[in-house]
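All remarks here apply to the structure that follows.
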Amino acid sequence: MRRLKIILQSKYIFKILALTLLLFSYLYTSYYPFKSKYSEKDNTFIGTVKSYKIKDNNLIINLKAKEEIIIYYNYESLVFNSLNIGDKLKVTGTIFKPKSSTNFNTFDYQKYLYHKKIYYIVKADKVDKLENNKKIINTIKNIINNKIKNYKSKDYISTLLLGNNTLDNDIKNNYRTLGISHLFSASGMHINLIISILYYYLNKVSYNKRLKYIISDIFLLLYLIISFSSSLLRSTITYILLTINDIFNLNIKKIDILLLTLSICLIINHFIIYDIGFIYSYIISFFLSIFYIKSNKKVVNISYIAVVAFLVSMPITIYISYEINILSIIINILLTPILSIILLPLSILSLFIPILDDLLYLITNILEKISVYLSNINIFKLILSKPNIILLFLYYLVIIYILKNRKRFYLIIILIFIHNLLPYFNNNLEINMFDVDEGDSFLVSFPNNKGNIIIDTGSESVYRVKNEIISYLKSKGIKKINYLIITHGDEDHIGSSISLIDNFKIEKVILNKDSFTDLEKDLIKELKNKNINYSNKIDKINIKDNYLYFLNNKEFDNENDNSNIIYFEYLKYKFLFMGDASSATEEYLLDKYNLKDISFLKVGHHGSKTSSSANFINTINPKISSISVGEHNYYGHPNIEVLNNLSKSKIYRTDIMGSVNFKFNKNKVIIKKKIKGK
170 MRRLKIILQS
180 KYIFKILALT
190 LLLFSYLYTS
200 YYPFKSKYSE
210 KDNTFIGTVK
220 SYKIKDNNLI
230 INLKAKEEII
240 IYYNYESLVF
250 NSLNIGDKLK
260 VTGTIFKPKS
270 STNFNTFDYQ
280 KYLYHKKIYY
290 IVKADKVDKL
300 ENNKKIINTI
310 KNIINNKIKN
320 YKSKDYISTL
330 LLGNNTLDND
340 IKNNYRTLGI
350 SHLFSASGMH
360 INLIISILYY
370 YLNKVSYNKR
380 LKYIISDIFL
390 LLYLIISFSS
400 SLLRSTITYI
410 LLTINDIFNL
420 NIKKIDILLL
430 TLSICLIINH
440 FIIYDIGFIY
450 SYIISFFLSI
460 FYIKSNKKVV
470 NISYIAVVAF
480 LVSMPITIYI
490 SYEINILSII
500 INILLTPILS
510 IILLPLSILS
520 LFIPILDDLL
530 YLITNILEKI
540 SVYLSNINIF
550 KLILSKPNII
560 LLFLYYLVII
570 YILKNRKRFY
580 LIIILIFIHN
590 LLPYFNNNLE
600 INMFDVDEGD
610 SFLVSFPNNK
620 GNIIIDTGSE
630 SVYRVKNEII
640 SYLKSKGIKK
650 INYLIITHGD
660 EDHIGSSISL
670 IDNFKIEKVI
680 LNKDSFTDLE
690 KDLIKELKNK
700 NINYSNKIDK
710 INIKDNYLYF
720 LNNKEFDNEN
730 DNSNIIYFEY
740 LKYKFLFMGD
750 ASSATEEYLL
760 DKYNLKDISF
770 LKVGHHGSKT
780 SSSANFINTI
790 NPKISSISVG
800 EHNYYGHPNI
810 EVLNNLSKSK
820 IYRTDIMGSV
830 NFKFNKNKVI
840 IKKKIKGK
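End of the sequence shown sits at 847 in my numbering; the numbers just go up one at a time, nothing left out.
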């Protein structure tokens with residue numbers, strides 16, 4: 170035992186172990202990918218229900234079969250009211266891989282599921298129950314789920330106690346914007362409350378420390394099995410190791426306990442290094458264990474913890490969300506005691522006293538309304554471009570210095586200021602063609618942050634589109650859009666425009682010269698509400714001596730041909746954006762303008778056969794042709810004749826390549842493709 174103590178008290182043993190396992194986990198998950206036991210030929214799946222939820226008339230089941238898969242089943246009856254966790258099902262349907270991100274710097278659902286070892290989704294045609302659950306743990310889960318399924322505050326109880334974050338997406342986004350989403354994850358705060366309750370009752374029976382530790386450890390392990398989450402796993406393992414350390418007088422430092430916790434978590438699941446909940450939970454605990462100084466005043470303790478949590482989680486938040494909210498420090502200070510003293514205990518009591526559900530619902534409803542109000546205060550939001558690994562390293566060097574010396578907090582402000590200036594050092598003119606399915610959306614960014622233009626916004630009906638455009642703009646550190654240009658009023662070009670003006674400062678909106686469509690009228694109404702200038706009678710615009718010309722001055726009898734046609738030059742390059750204009754508009758342009766040797770062409774109407782005539786293409790002779798088009802679209806875009814017409818040009822298509830980024834400087838053109846599935 171003495172020799173074991175010497176080994177465990179070694180200065181480097183846990184550091185070496187944790188770093189070795191961390192490196193191994195990264196290499197293992199990167200170079201030895203998880204291989205599925207299924208193939209796309211399979212159509213029958215037998216397994217047990219791990220969890221389930223109902224959303225938009227879809228029953229979504231996490232099924233533990235040969236491996237975990239997600240089942241989507243569209244049902245019209247209440248036949249599955251009797252479905253429980255642990256039930257054995259037979260599912261017949263079509264298997265497919267989840268969608269990957271096709272736009273840069275956006276949430277990748279395929280990768281997210283892969284890091285949870287979920288490789289396939291099944292669209293079910295038929296679901297049959299083979300047998301009911303027989304396991305005690307699952308029975309406990311089902312009792313709790315059935316108990317709260319009619320509660321008004323069931324989402325909060327499920328999130329706070331069961332580790333299942335079923336909160337509405339908009340609410341989750343508001344909490345994330347305010348930097349308080351980590352407070353709703355089952356973790357250390359929950360462990361502390363549970364242990365306090367346990368100790369209160371155990372002290373009435375015995376003051377034997379070893380007995381209390383053993384009982385609390387067993388209880389926490391059972392709670393972890395019922396309410397598993399990565400952050401709760403971290404908290405539970407840490408607590409159990411601390412009790413073992415105390416029982417056997419091992420005298421292992423807390424920092425080494427946390428390193429051992431990391432090692433155990435990595436052994437259990439190598440993919441845990443990609444779990445955001447775990448990363449937040451662990452890094453905050455790690456820094457607090459090193460730099461925390463306890464005060465006799467609770468307010469000081471709470472404030473200090475909130476400041477440390479904000480600082481150490483800030484680089485991760487910037488890396489993931491590309492923005493931070495300064496208000497989150499104050500909100501964390503105010504909300505932490507409310508959550509630990511009121512919401513969490515009330516959630517537990519509501520399980521046993523259903524009448525308290527109304528009170529819990531009232532409090533959470535007030536909390537949601539406050540969060541909506543605060544998250545809409547843009548003055549406290551800082552949008553920062555996606556940091557590289559060097560900048561992340563600098564952030565943590567500065568944070569460690571500040572926490573160690575407890576002075577010069579202004580250093581972090583200086584670093585944020587420098588980070589904020591990074592877009593001004595980009596010497597390229599950048600054009601980003603977003604993948605917005607069967608629609609158009611382009612970002613034109615002039616060098617040194619001189620100006621940003623959005624040409625079209627894609628469709629509002631494709632939910633991911635608006636979020637991915639917004640996410641990408643933030644990842645580039647873009648806070649202001651000088652001009653939002655809508656080529657014409659069709660939904661696949663104007664649909665997400667209102668979402669953009671809700672999230673960014675827009676200086677001016679330019680519409681085409683035709684009469685307004687209903688969608689344009691809706692947009693104009695919002696523009697007036699927000700006091701944003703708009704016009705549909707523009708011939709040219711100037712961005713720091715860069716002129717963009719609107720070439721289409723003729724009024725045609727249809728919306729497509731009345732598209733805004735944008736032309737501009739930069740250095741030796743010529744750019745032409747054709748909207749959805751047909752060959753009729755093309756003939757008009759050739760008659761009126763001398764358009765030759767176009768460097769970059771936004772191909773008209775997604776490559777439709779009505780556009781890009783041989784005469785037009787041969788005359789303008791484009792070097793690069795970009796086609797924004799939906800994968801397997803109904804219209805058969807792009808047309809084979811159009812592709813033949815463009816054969817001398819380098820063609821870039823969103824249906825094959827995803828989003829494409831073009832960088833133009835005086836020496837060369839740099840092109841980066843977001844290859845689908847990569």
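All C-beta atoms in this analysis are idealised placements derived from N, C-alpha and C, irrespective of residue type, glycine included. Please read these numbers as outputs of a predicted model, since none were measured by experiment.
Please report the straight-line C-alpha distance between Glu689 and Asp256, rounded to a whole angstrom.
If you take the alpha carbons of Glu689 and Asp256, they lie about 51 Å apart.
In the structure shown, what three-state DSSP assignment does Ser751 receive?
In the structure shown, Ser751 sits in coil (DSSP, three-state: anything other than H, G, I, E or B).
Kindly list the residues whose CB is nearer than 6 Å to the CB of Tyr278, restricted to its own chain and excluding five residues on each side of it in sequence; keep chain order.
Same-chain partners within the cutoff: Pro267 and Lys268.
Where Leu553 sits in the DSSP three-state scheme:
Coil at Leu553, not helix or strand.
The segment 347-367 in contact with the segment 446-454 per 3-pair CB rule at 8 Å
Touching, yes, given that three or more Cβ pairs across the two stretches are closer than 8 Å.
On the three-state DSSP scale, how would you describe Leu247?
In this predicted model, Leu247 has a pLDDT of only 45, less than 50, meaning its place in the structure is not dependable; the value taken from the coordinates is given anyway. In this structure, Leu247 counts as coil in the three-state DSSP scheme.
Does the Cβ-Cβ distance between Met747 and Lys771 come in under 8 Å?
Taking 8 Å as the Cβ cut-off, Met747 and Lys771 qualify as a contacting pair.
Presumed contact (8 Å Cβ cut-off) between Leu282 and Leu435, rounded CB distance:
The beta-carbon separation of Leu282 and Leu435, rounded to 20 Å, does not stay under the 8 Å limit for a contact.
Cα separation between Ser554 and Phe586?
Between the alpha carbons of Ser554 and Phe586 lies a gap of roughly 12 Å.
With C-beta atoms as the reference, is Asn231 less than 8 Å away from Tyr641?
Not closer than 8 Å, so no.
With distance defined between alpha-carbon atoms, name the residue in Gly776, Ile532, Thr788 and Asn834 nearest to Tyr821.
With distances taken between Cα atoms, Tyr821 lies closest to Gly776.
Within 10 angstroms of the Cβ of His801, are there 16 or more other Cβ atoms? Answer buried if so, exposed if not.
With fewer than 16 other Cβ atoms from the protein chains shown falling within 10 Å of its own Cβ, His801 counts as exposed.
Are the CB atoms of Ile571 and Leu580 nearer to each other than 8 Å?
Taking 8 Å as the cut-off, the Cβ atoms of Ile571 and Leu580 count as close.
For Ile738, does the three-state DSSP call read helix, strand or coil?
Ile is not the amino acid found at residue 738; the sequence shown has Glu there. Note: Glu738 maps to strand in three-state DSSP.
Please classify Asp730 as buried or exposed, where buried requires at least 16 other C-beta atoms within 10 Å of its C-beta.
When all chains shown are included, Asp730 counts as buried.
Which residue spans inside the segment 515-552 form an unbroken beta strand (DSSP E) run of at least 3?
Given a length threshold of 3 residues, each whole run of the beta strand (DSSP E) inside the segment 515-552 is given here in chain order: 550-552.
Using alpha carbons as the reference points, say which of Lys694, Pro514, Tyr736 and Ile622 lies closest to Leu330.
Cα-wise, what sits closest to Leu330 is Pro514.
Classify Asn307 as helix, strand or coil using the three-state DSSP reduction.
DSSP places Asn307 in helix when its eight states are reduced to three.
Starting from the C-beta of Phe677, find all residues in its chain whose C-beta is less than 6 Å away, skip the five residues before and the five after it, and write them out in chain order.
The displayed chain sequence assigns Lys, not Phe, to residue 677. Hits under 6 Å: Tyr652 and Asn702.
Would the beta-carbon of Ala475 fall within 8 Å of that of Ile502?
Yes, the pair counts as a contact, with Cβ atoms nearer than the cut-off.
Beta-carbon proximity check, Ser818 vs Ile793, cutoff 8 Å:
Going by C-beta atoms, Ser818 is nearer than 8 Å to Ile793.
Cα separation between Gly664 and Asp337?
Distance between the alpha carbons of Gly664 and Asp337: 23 Å.
Exposure label - Arg577; buried when at least 16 CB within 10 Å
That one is exposed.
Taking C-alpha atoms, which residue in Asp294, Lys219, Leu299 and Lys381 lies nearest to Ile306?
Among Asp294, Lys219, Leu299 and Lys381, the Cα nearest to that of Ile306 belongs to Lys219.
Who does Leu745 pair with in a DSSP beta bridge?
Looking at the DSSP assignment, Leu745 forms a beta bridge with Tyr736 and Leu770.
For Ile226, the nearest candidate out of Asn243, Thr213 and Glu237 (CA to CA):
Reading off the sequence shown, one finds Asn at residue 226, where the question assumed Ile. Ranking the options by Cα distance to Asn226, first place goes to Asn243.
Sequence-distant residues of the same chain with beta carbon closer than 6 Å to Ser668, five excluded per side:
So the list reads Lys635, once near-sequence residues are dropped.
Chain D within 8 Å of Glu728, Cβ atoms only
The displayed structure is made up of one protein chain only, and chain D is not part of it.
Compare the C-alpha of Val811 against each of Ser795, Ile825, Tyr803 and Met826 and name the closest.
Considering only Ser795, Ile825, Tyr803 and Met826, the residue with the shortest C-alpha distance to Val811 is Ser795.
Quick check on the DSSP output: the alpha helix (DSSP H) that includes Asn672 runs from which residue to which?
In the DSSP assignment, Asn672 falls within the alpha helix (DSSP H) that extends over Ser666 to Asn672.
Which residue wins for smallest C-alpha separation from Asp726, given the options Lys682, Asn711 and Ile789?
In terms of CA proximity to Asp726, Lys682 leads the group Lys682, Asn711 and Ile789.
For Ala783, count neighbouring C-beta atoms within 10 Å of its own C-beta (all shown protein chains included) and say buried if the count is 16 or more, exposed if not.
By the 10 Å Cβ count, Ala783 comes out exposed.
Determine contact between the segment 363-374 and the segment 459-477, defined as no fewer than three beta-carbon pairs at a distance below 8 Å.
Contact fails between the segment 363-374 and the segment 459-477, because fewer than three Cβ pairs, one in each stretch, are under 8 Å apart.
Let me confirm a value: Asp606 is counted as buried when at least 16 other C-beta atoms fall within 10 Å, else exposed. Which label applies?
With 16 or more Cβ atoms within 10 Å of its Cβ, Asp606 is classed as buried.
Taking Cβ positions, are Tyr137 and Asn621 nearer each other than 8 Å?
The structure shown does not extend to residue 137, since the chain is modelled only from 170 through 847, so no value can be given for it.
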